[in-house]
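First comes the structure, then the notes that go with it.
2 protein chains.
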Amino acid sequence: MASKAPPVDKRRQILDAAVRVFARQGFHSTRVADIADEAGVAYGLVYHYFKSKDEVLNELFSERWSLLLAAIEEADGSAESPRAKLEAVAGFIVDSYRYDPELMKVIIVEVTRAANSFGRTHLPEIRRAYDSIAKIVADGQAAGAFRRDIDPTFASMSFYGAIEQLLSGWIFDVIPASDTDFEQAKTLVTATICDGLEPR
Amino acid sequence: MASKAPPVDKRRQILDAAVRVFARQGFHSTRVADIADEAGVAYGLVYHYFKSKDEVLNELFSERWSLLLAAIEEADGSAESPRAKLEAVAGFIVDSYRYDPELMKVIIVEVTRAANSFGRTHLPEIRRAYDSIAKIVADGQAAGAFRRDIDPTFASMSFYGAIEQLLSGWIFDVIPASDTDFEQAKTLVTATICDGLEPR
DNA sequence: CGAAACCGATTGACTGGTCAGTCAGCCAGC
DNA sequence: GCTGGCTGACTGACCAGTCAATCGGTTTCG
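Chains as they are written, first to last, in our numbering: chain Z, 2 to 201; chain D, 2 to 201.
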């Protein structure tokens, strides 16, 4: 009854290996053979589980991005203050990086910021994140918690852009990345943005 | 005496064509032949003026980035308030986009955000921009114009990240891009960040 | 003054190397 | 002995960069 549960899930193995290799060499300079080698699997097996090299990255992105979208929407649905909601979003993203820096590096570098390739393919999903954040801002404005002379979309882009730039900074060692830095980042980003958004 | 002044500067012609093609198709999917065609020039001539396809993009980036660095440093050197300095920086970047959106698109998409390829090559130059902005913030803190509990590097990354995200939004039609939007952006970005940086 | 050598700009056919994706079959477990 | 997860050699397409040849203008020299 317990089904066949293969001792090792080769598909997962390939995805995990892909994260490591993409993070190390970047999507464009990794050969499919590199992924197979890293996964300890034959070249052809990658094509048994995935239609193409692109599909491997697409899968990695979608898996994690849907978690992000869920987290943002959950924050939005909570009873917290608008500011606390934004802090939750920042916290989730920062923690995602802390928990799995390689995966986040791949997602940001190869998708989110790769506007001419995967970024374009996934634009609708990426946009959904911007929109959800904008909704939090708009609701905050409606509730009087945020000032109304700033377009919610503008605010959303600034907020998300600031966070992503911080991640980029960590990824490329432009700024220090210790546990305290991560913790500070959550509050500081929110503080920076909110103290500019909240009335007076 | 008036020298030979060639009726057309083919090198410039190639660079300008490259901007258009890179903006349209992205660096990776433009063939050197596309650049030559767009420039109305023979394939081989591209290699007469440039060592490689990469060098064409490097040249485009360096030409403009040095202007940006100069603008930031000029702002920093001025007698203005720290807030006005930041607004000048934001203004310069926004105007760069307004003046030549294709070039800025190429620079942001293919270099600044292409962390695994050209972004890495030009990291030192890019960093210089972050550092100069951070210096403006640090000076502002020293002068008591900004509060001191926010790391200048952090602030710099957030500020720059917010601006770049806005440009990305314009580039990919995620947010409206009219003249008023550009004008608003300059003030709003600065306002958002500074009202969070200035004491109480 | 004209011819001839010279030289950088320009041309585009060609090559060498690189991979993504295919496919004909192998073999372990049922 | 069958089935499908698994293997990896092979191929077809693609393209950056090369290079031998041509062109058009300038200088040199008889």
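We put the beta carbon where it would ideally sit given N, CA and C, even for glycine.
- By the Cβ test, the segment 150-163 of chain D is not in contact with the segment 174-186 of chain D, since fewer than three Cβ pairs between them sit closer than 8 Å.
- The three-state reading of DSSP puts Z/Phe93 in helix, counting H, G and I together.
- Per DSSP, D/Pro125 is one residue of the alpha helix (DSSP H) stretching across Leu124 to Ala143.
- Contact residues of the segment 162-183 of chain D toward chain Z are Gly162, Ala163, Ile164, Glu165, Gln166, Leu167, Ser169, Gly170, Ile172, Phe173, Val175 and Ile176 (C-beta to C-beta distance below 8 Å).
- Short of 8 Å from the beta carbon of D/Tyr131, and not among the five residues preceding or following it, lie these beta carbons of its own chain, in chain order: Thr154, Ser157, Met158 and Tyr161.
- Secondary structure note for D/Gly45: its alpha helix (DSSP H) is the uninterrupted segment Tyr44 to Tyr50.
- Listed in chain order, the non-local C-beta contacts of Z/Gly141 below 6 Å within the same chain comprise Pro83 and Phe147, local neighbours out to five positions each way being set aside.
- The three-state reading of DSSP puts Z/Pro102 in helix, counting H, G and I together.
- With 16 or more other Cβ atoms inside 10 Å of its own Cβ, D/Arg114 counts as buried.
- Boundaries of the alpha helix (DSSP H) around D/Thr154: Pro153 to Ile172.
- Shortest Cα-Cα distance from Z/Ile137 to any of Z/Leu124, Z/Ser79, Z/Gly27 and Z/Arg65 involves Z/Ser79.
- The C-beta distance from Z/Ile151 to D/Leu189 rounds to 6 Å, short enough to fall under 8 Å.
- Contact of D/Leu189 with chain Z by beta-carbon distance below 7 Å involves Ile151 and Phe155.
- When rounded, the separation of the alpha-carbon atoms in Z/Arg21 and Z/Glu103 is 6 Å.
- Secondary structure remark: continuous alpha helix (DSSP H) runs of at least 4 residues inside the segment 8-89 of chain Z, in chain order: 11-26, 33-40, 44-50 and 54-78.
- Below the 9 Å Cβ cutoff, chain D contributes no neighbours of Z/Thr122, its closest Cβ being approximately 12 Å away.
- Taking the Cα positions, D/Leu70 is about 7 Å away from D/Arg129.
- Z/Ala163 is the residue among Z/Ile127, Z/Gly45, Z/Ile176 and Z/Ala163 whose C-alpha sits nearest the C-alpha of D/Thr193.
- Here DSSP, grouped into helix, strand and coil, assigns D/Phe119 to helix.
- For D/Val90, no chain Z residue has a C-beta closer than 8 Å to its own C-beta; the minimum C-beta separation is roughly 15 Å.
- Under the three-state reduction of DSSP, D/Ala192 is assigned to helix.
- Rounded to the nearest whole angstrom, the CA to CA distance from Z/Leu167 to D/Val9 is 44 Å.
- Looking from the CA of Z/Glu184, the closest CA among Z/Lys11, Z/Asp55, Z/Val57 and Z/Tyr100 belongs to Z/Tyr100.
- DSSP, read as helix, strand or coil, puts Z/Phe147 in coil.
- Look at D/Ala130: its C-beta is not under 8 Å from any C-beta on chain Z.
- Cβ contact annotation for Z/Leu68 (same chain, cutoff 7 Å, sequence separation greater than five): none.
- Contacts with chain Z at 8 Å (Cβ-Cβ) include D/Asn117.
- Distance between Z/Asp38 and D/Gly45, taken at the CA atoms: about 39 Å.
- Take D/Ile172, set aside five residues on each side of it, and the residues of its chain with a beta-carbon closer than 6 Å to its own are Lys106, in chain order.
- Chain-order list of chain Z residues neighbouring D/Ile108: empty, with the shortest C-beta distance near 12 Å, by a criterion of under 9 Å.
- Classified as buried, D/Ala76 has 16 or more neighbouring CB atoms from the shown chains inside 10 Å of its CB.
- Z/Val107 carries a helical assignment under DSSP once its states are collapsed to helix, strand and coil.
- The Cβ of D/Met158 sits closer than 8 Å to at least one Cβ of chain Z.
- Sixteen is the threshold: when 16 or more other Cβ atoms of the shown chains lie within 10 Å of the Cβ of D/Ala116, as they do, the residue is buried.
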